[in-house]
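In the order they appear, the protein sequences are chains S and E. Taking UniProt numbering, the leading residue of the first sequence gets 1, the next gets one more, and so forth. Taking UniProt numbering, the leading residue of the second sequence gets 1, the next gets one more, and so forth.
2 protein chains.
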Amino acid sequence: MEPEHVTLRDVAREAGVSYATASRALNGSDRTVRKENADRVRAAADRLGYAPDLSAQAIARGSSSTVALVVNDIDDPYFSSIAAGVTEAAQEAGLIVTMAIADRSPGLELQIVRTLRGHRPRAVIIAGTRTTGSDTHTALTDELSAYQESGGRVALISQPELPFTTLSIDNYGGARRLATALAGAGYRRFAIVHAGDDIRTSADRRQGFTDGLHAAGLALDAADQIVTDFTRAGGFQAAATIASRRPEAVFAVNDVMAIGLMSGLRDAGLTPGADIAVAGFDDIAAAVDVLPPLTTVRVPLHDLGRQALELALSGSAPTHVDIPVELVLRESTPKT
Amino acid sequence: MEPEHVTLRDVAREAGVSYATASRALNGSDRTVRKENADRVRAAADRLGYAPDLSAQAIARGSSSTVALVVNDIDDPYFSSIAAGVTEAAQEAGLIVTMAIADRSPGLELQIVRTLRGHRPRAVIIAGTRTTGSDTHTALTDELSAYQESGGRVALISQPELPFTTLSIDNYGGARRLATALAGAGYRRFAIVHAGDDIRTSADRRQGFTDGLHAAGLALDAADQIVTDFTRAGGFQAAATIASRRPEAVFAVNDVMAIGLMSGLRDAGLTPGADIAVAGFDDIAAAVDVLPPLTTVRVPLHDLGRQALELALSGSAPTHVDIPVELVLRESTPKT
DNA sequence: GGGGGCAGGGAATACGTTTTCCGGTAACTG
DNA sequence: CAGTTACCGGAAAACGTATTCCCTGCCCCC
Numbered sequence: 001m002e003p004e005h006v007t008l009r010d011v012a013r014e015a016g017v018s019y020a021t022a023s024r025a026l027n028g029s030d031r032t033v034r035k036e037n038a039d040r041v042r043a044a045a046d047r048l049g050y051a052p053d054l055s056a057q058a059i060a061r062g063s064s065s066t067v068a069l070v071v072n073d074i075d076d077p078y079f080s081s082i083a084a085g086v087t088e089a090a091q092e093a094g095l096i097v098t099m100a101i102a103d104r105s106p107g108l109e110l111q112i113v114r115t116l117r118g119h120r121p122r123a124v125i126i127a128g129t130r131t132t133g134s135d136t137h138t139a140l141t142d143e144l145s146a147y148q149e150s151g152g153r154v155a156l157i158s159q160p161e162l163p164f165t166t167l168s169i170d171n172y173g174g175a176r177r178l179a180t181a182l183a184g185a186g187y188r189r190f191a192i193v194h195a196g197d198d199i200r201t202s203a204d205r206r207q208g209f210t211d212g213l214h215a216a217g218l219a220l221d222a223a224d225q226i227v228t229d230f231t232r233a234g235g236f237q238a239a240a241t242i243a244s245r246r247p248e249a250v251f252a253v254n255d256v257m258a259i260g261l262m263s264g265l266r267d268a269g270l271t272p273g274a275d276i277a278v279a280g281f282d283d284i285a286a287a288v289d290v291l292p293p294l295t296t297v298r299v300p301l302h303d304l305g306r307q308a309l310e311l312a313l314s315g316s317a318p319t320h321v322d323i324p325v326e327l328v329l330r331e332s333t334p335k336t
Numbered sequence: 001m002e003p004e005h006v007t008l009r010d011v012a013r014e015a016g017v018s019y020a021t022a023s024r025a026l027n028g029s030d031r032t033v034r035k036e037n038a039d040r041v042r043a044a045a046d047r048l049g050y051a052p053d054l055s056a057q058a059i060a061r062g063s064s065s066t067v068a069l070v071v072n073d074i075d076d077p078y079f080s081s082i083a084a085g086v087t088e089a090a091q092e093a094g095l096i097v098t099m100a101i102a103d104r105s106p107g108l109e110l111q112i113v114r115t116l117r118g119h120r121p122r123a124v125i126i127a128g129t130r131t132t133g134s135d136t137h138t139a140l141t142d143e144l145s146a147y148q149e150s151g152g153r154v155a156l157i158s159q160p161e162l163p164f165t166t167l168s169i170d171n172y173g174g175a176r177r178l179a180t181a182l183a184g185a186g187y188r189r190f191a192i193v194h195a196g197d198d199i200r201t202s203a204d205r206r207q208g209f210t211d212g213l214h215a216a217g218l219a220l221d222a223a224d225q226i227v228t229d230f231t232r233a234g235g236f237q238a239a240a241t242i243a244s245r246r247p248e249a250v251f252a253v254n255d256v257m258a259i260g261l262m263s264g265l266r267d268a269g270l271t272p273g274a275d276i277a278v279a280g281f282d283d284i285a286a287a288v289d290v291l292p293p294l295t296t297v298r299v300p301l302h303d304l305g306r307q308a309l310e311l312a313l314s315g316s317a318p319t320h321v322d323i324p325v326e327l328v329l330r331e332s333t334p335k336t
């Protein structure tokens with residue numbers, strides 16, 4: 001009924017050799033095995049449908065063949081692009097990805113890292129929304145340090161305040177250049193839709209944008225800085241306030257918020273791109289399919305995921321890599 | 001320098017008990033251990049930063065705490081929504097998800113399933129694009145059968161021709177009802193943008209749609225059935241042909257294709273919803289953010305992922321579950 | 001006070017691999 | 001032809017945990 005797992009022993013018996021020989025024949029060992037025996041073993045393995053137990057391999061070899069990935073929300077294109085890059089690179093390296101979703105909760109993130117550590121992954125990649133100053137902050141640092149000291153690799157995405165290898169998106173610079181460009185295009189009265197400053201990414205982008213405006217001699221009223229959720233729904237909700245303030249241009253600190261905002265504005269009777277300019281950040285795939293196409297700042301998310309894994313696997317000392325971004329002007333911010 | 005992993009033995013020594021006792025104290029065992037000892041063990045574990053080696057646990061217990069998930073492209077909202085549902089349910093069950101990306105290649109999918117089997121996951125969920133009649137088809141069936149017979153659970157999404165637990169989206173019925181609705185709205189000349197019939201999902205939706213048209217007394221010229229890739233790019237490319245044929249309404253067999261098509265049409269000087277109606281299938285999040293909002297057929301992707309995992313874990317005999325879909329008429333197909 | 005039960009601790013074994021060590025055979029070298 | 005390699009097979013240890021089995025000591029009951 002339940003044919004217990006076919007094990008290396010079974011293969012060896014079937015092939016008429018010791019299981020040491022079988023082991024050597026089936027995976028790359030430095031020891032060579034006579035061709036005839038090797039063939040017999042492989043044939044037996046095929047016949048029996050043998051698949052090596054990766055847990056047993058991991059424990060015997062002392063290192064597993066997995067990498068751990070923590071994201072906030074796999075259904076958000078920002079994270080799914082990163083995940084795609086990480087997974088792609090992992091598969092090329094013959095590694096398997098274990099993925100966990102932190103649901104934007106630092107507590108959950110910490111708990112996840114704890115659990116994942118039990119897998120003894122070769123590397124752990126965290127693409128979270130680091131919130132500054134929380135108490136779980138140091139707990140996470142401790143956990144990752146312990147992991148790193150026992151030989152694990154860590155790479156973080158956009159959390160430069162932690163003492164690990166980090167890939168930093170140029171959030172500040174990108175937002176600042178965006179502000180400069182919009183001011184140059186003739187816009188004068190702005191609003192910004194952002195999340196709480198405890199979310200680093202949001203805070204940096206907001207700061208970059210306002211600094212860019214200042215440099216152009218423009219200021220931003222507090223009432224025109226609308227704080228909401230870091231999601232599409234957040235952007236959508238902000239539309240009501242924006243509609244009542246009627247700025248000439250709005251910067252939403254990421255594309256999903258910007259897209260939600262555009263839908264919300266339309267519901268309020270305003271046409272994005274005509275009545276009001278809208279810009280976002282990230283250049284997710286959907287940015288080019290909304291109408292009007294969204295002005296944004298391109299972040300090479302897919303590559304970012306790739307690089308994060310490659311950097312982690314390379315095993316270099318903790319380092320910081322700056323990921324350049326690129327301004328992408330589209331019709332949502334027409335020249336005035 | 002490299003403090004080797006702290007193991008159960010270390011914890012036991014630190015706590016002054018045998019490691020059998022430590023093992024019993026740290027995870028739920030049927031055996032009870034004196035409270036004083038249990039506390040000492042837990043304290044020691046905390047102090048040393050002990051995390052149980054899940055591989056070792058898996059091999060000792062004979063069952064791991066992971067589930068395997070295979071998707072075609074995590075960066076596609078269809079799959080990322082499913083993945084979100086699967087992962088959510090897995091985390092609630094205390095399980096960890098290992099994810100692999102098959103990149104729409106049956107061969108790769110097979111290879112992945114082989115590798116994943118080595119993890120001895122509690123369940124494997126496959127959300128692929130089953131292509132009918134390929135030679136890897138039976139190889140995959142064999143592989144999954146072997147896995148299932150050794151105690152594993154399998155759940156597939158929309159691949160009803162395989163002898164495993166399957167969640168079938170009502171692709172045919174949804175597309176057929178869509179056709180009926182569009183015909184009822186007054187459209188007469190149609191086109192379909194679809195993928196090759198080797199992709200079951202595409203074939204079923206195409207068939208449902210044309211059958212629906214037939215029932216309404218309408219027919220579809222072969223030249224109005226455009227075959228292209230099952231992706232946004234595929235839809236985009238199809239726009240040129242559509243623009244030259246100028247049907248009144250186009251059905252793209254999924255939303256990402258429909259959205260690509262809309263962008264392509266616009267580039268060709270046609271306004272979707274005004275010059276030409278467009279409908280898709282899936283109701284991905286972006287469907288409501290494009291302009292005009294996309295008429296589509298809603299598939300509860302997130303729930304689908306959840307159910308797939310729950311069904312697999314429940315361990316019932318292989319069964320087929322029908323996932324109902326819902327027509328969602330939006331402005332991309334205005335009443336004529 | 002003696003016997004039976006039971007709670008709980010520890011030694012040892014099992015899990016499925018890899019890898020070290022040992023031994024034997026065949027092929028070279030001088 | 002003897003001695004040294006090179007090659008290769010097998011026995012056994014190791015990895016970190018769960019679990020079985022045994023043993024001790026205590027409590028309870030008659």
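All residues carry an ideal CB built from backbone N, CA and C; glycine is no exception.
Separation of residue j from residue i, as counted between CA atoms
i                : j                : result
Pro106 (chain S) : Ile169 (chain S) : 20 Å
His137 (chain S) : Val154 (chain S) : 16 Å
Ile116 (chain S) : Gln307 (chain S) : The displayed chain sequence assigns Leu, not Ile, to residue 116 (chain S). Using only the alpha carbons, I get a separation of about 21 Å.
Glu331 (chain S) : Asp255 (chain S) : 15 Å
Leu327 (chain S) : Leu182 (chain S) : 11 Å
Ala215 (chain E) : Gln207 (chain S) : 60 Å
Val113 (chain E) : Val11 (chain S)  : 20 Å
Glu92 (chain S)  : Leu304 (chain S) : 16 Å
Val325 (chain E) : Phe209 (chain S) : 44 Å
Val97 (chain S)  : Thr66 (chain E)  : 12 Å
Gly315 (chain E) : Gly152 (chain E) : 9 Å
Arg266 (chain E) : Pro272 (chain E) : 7 Å
Asn72 (chain E)  : Ser145 (chain E) : 21 Å
Ile40 (chain S)  : Leu108 (chain E) : Here residue 40 (chain S) is Arg; the residue named in the question, Ile, does not match the sequence. Looking at the two C-alpha atoms, the distance is approximately 26 Å.
Ile101 (chain S) : Arg245 (chain E) : 46 Å
Glu143 (chain S) : Gly174 (chain S) : 32 Å
Ile242 (chain E) : Ile226 (chain S) : 43 Å
Val253 (chain S) : Tyr172 (chain E) : 41 Å
Nonlocal neighbours in the same chain, by C-beta distance under 8 Å from residue i, ignoring five residues either side
i                : result
Gln159 (chain E) : Ile126, Gly128, Arg130, Thr166 and Arg200
Glu248 (chain E) : Tyr187, Arg188, Arg189, Phe190, Ile276, Ala277 and Thr336
Thr180 (chain E) : Gly212, Ala215 and Ala216
Nearest-angstrom Cβ-Cβ length linking residue i and residue j, presumed shorter than 8 Å
i                : j                : result
Ser80 (chain S)  : Ile74 (chain S)  : 6 Å
Ile192 (chain S) : Asp224 (chain S) : 7 Å
Phe236 (chain S) : Ser263 (chain S) : 6 Å
Ser150 (chain E) : His5 (chain S)   : 5 Å
Phe251 (chain S) : Ala274 (chain S) : No, Phe251 (chain S) and Ala274 (chain S) are not in contact; Cβ-Cβ is about 18 Å, not under 8 Å.
Nonlocal neighbours in the same chain, by C-beta distance under 6 Å from residue i, ignoring five residues either side
i                : result
Leu329 (chain E) : Thr295
Leu301 (chain E) : Ser81 and Ile82
Arg177 (chain E) : Leu327
Tyr147 (chain S) : Arg117
Beta-carbon contacts of residue i that lie in its chain and below 7 Å, excluding the five residues immediately before and after
i                : result
His119 (chain E) : Ser64, Thr66, Ala68 and Thr98
Glu310 (chain E) : Ala89
Asp322 (chain S) : Ser168 and Asp170
Ala312 (chain E) : Ala123, Ile125, Arg153, Val154, Ala155 and Thr165
Gly94 (chain S)  : Ser65
Ala44 (chain S)  : Val11, Glu14 and Ala15
Ala268 (chain E) : Ala239, Ala240 and Ala243
Heavy atom of the ligand HEM within 8 Å of residue i beta-carbon
i                : result
His320 (chain E) : By its list of ligands, the structure shown contains no ligand whatsoever, and the ligand HEM lies outside what it can speak to.
Touching or not, the segment 281 to 290 of chain S and the segment 227 to 235 of chain S, by the rule of three or more beta carbon pairs under 8 Å?
-> No, the segment 281 to 290 of chain S does not touch the segment 227 to 235 of chain S.
Which residues, in chain order, does the segment 78 to 109 of chain S contribute to contact with chain E at a C-beta distance below 8 Å?
-> The segment 78 to 109 of chain S vs chain E, Cβ under 8 Å: Ser80, Ser81, Ala83, Ala84, Thr87, Glu88, Gln91, Ile96, Val97, Thr98, Met99, Ala100 and Ile101.
Should the segment 42 to 61 of chain E be regarded as contacting the segment 55 to 63 of chain S, the criterion being three or more beta carbon pairs within less than 8 Å?
-> At 8 Å Cβ cutoff, the stretches touch.
Evaluate contact between the segment 18 to 37 of chain E and the segment 15 to 24 of chain S, counting only Cβ atoms and requiring at least three cross-stretch pairs below 8 Å.
-> Cβ pair count under 8 Å is below three, so no.
Could you run through the segment 239 to 264 of chain E and flag, in chain order, every residue whose CB is less than 8 Å away from some CB of chain S?
-> For chain S, the residues of the segment 239 to 264 of chain E that bring a beta carbon within less than 8 Å of one of its beta carbons are Ile259, Gly260, Met262 and Ser263, in chain order.
What residues in the UniProt domain "HTH lacI-type" (6 to 61) of chain S bring their beta carbon closer than 7 Å to a beta carbon of chain E?
-> Residues Gly49, Ala51, Pro52, Asp53, Leu54, Ser55, Ala56, Ala58 and Ile59.
With 9 Å as the C-beta to C-beta threshold (strictly closer), list the residues of the segment 112 to 126 of chain S near chain E in chain order.
-> Cβ contacts with chain E: Ile112, Arg114, Thr115, Leu116, Arg117, Gly118, His119 and Arg120.
Could you list the residues in the segment 285 to 303 of chain E with a C-beta less than 8 Å from some C-beta on chain S, going in chain order?
-> So the close ones are Ala285, Ala286, Val288, Asp289, Val290, Leu291 and His302.
What are the residues of the segment 134 to 165 of chain E that lie near chain S, defined by any Cβ-Cβ distance shorter than 7 Å?
-> Going along the segment 134 to 165 of chain E in chain order, one finds Ala146, Glu149, Ser150 and Gly151 with a Cβ nearer than 7 Å to chain S.
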